[in-house]
Amino acid sequence: MKNIQIIDKSFGQKVGECAILVDLENGQTDQSFMDSAWKRAVAEGWVDENYRENYDLEIVGDMPLDHQSETL
1 MKNIQIIDKS
11 FGQKVGECAI
21 LVDLENGQTD
31 QSFMDSAWKR
41 AVAEGWVDEN
51 YRENYDLEIV
61 GDMPLDHQSE
71 TL
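Going by full-length UniProt numbering, the sequence shown opens with residue 1, and the numbers climb by one from there.
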């Protein structure tokens with residue numbers, strides 16, 4: 001699982017944070033995690049989907065695979 005923060009560049013303020021489940025079978029990349037986090041941020045209303053360039057998305061933490069099942 002990866003924790004991703006969404007930050008409004010103009011204010012430097014965090015607008016949201018979400019956890020994205022790792023899917024090793026499909027060989028996910030960091031970009032695919034960012035895309036998933038962006039879709040969630042749009043769905044939650046945290047961001048304006050037409051202005052992705054106004055936001056930074058940062059991976060702020062990984063949860064080791066052997067611990068994932070304990071939190072789900």
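Here a beta-carbon is modelled for each residue, glycine too, at the ideal position from N, C-alpha and C.
Residue i, buried or exposed, once every other Cβ within 10 Å from all chains shown has been counted against 16
| i | result |
| --- | --- |
| Val60 | exposed |
| Tyr55 | buried |
| Ala41 | buried |
| Lys2 | buried |
| Ala37 | buried |
Pairwise C-alpha distance: residue j and residue i
| i | j | result |
| --- | --- | --- |
| Asp9 | Phe33 | A quick correction: the sequence has Lys, not Asp, at residue 9. When rounded, the distance between both Cα atoms is 19 Å. |
| Glu49 | Glu58 | 17 Å |
| residue 112 | Ala19 | No statement about residue 112 is possible, as the shown extent of the chain runs from 1 to 72 and does not include it. |
Three-state secondary structure assigned by DSSP to residue i
| i | result |
| --- | --- |
| Val42 | helix |
| Asp48 | coil |
Own chain partners of residue i with C-beta closer than 6 Å, once the 5 adjacent residues on each side are dropped
| i | result |
| --- | --- |
| Leu21 | Met1 |
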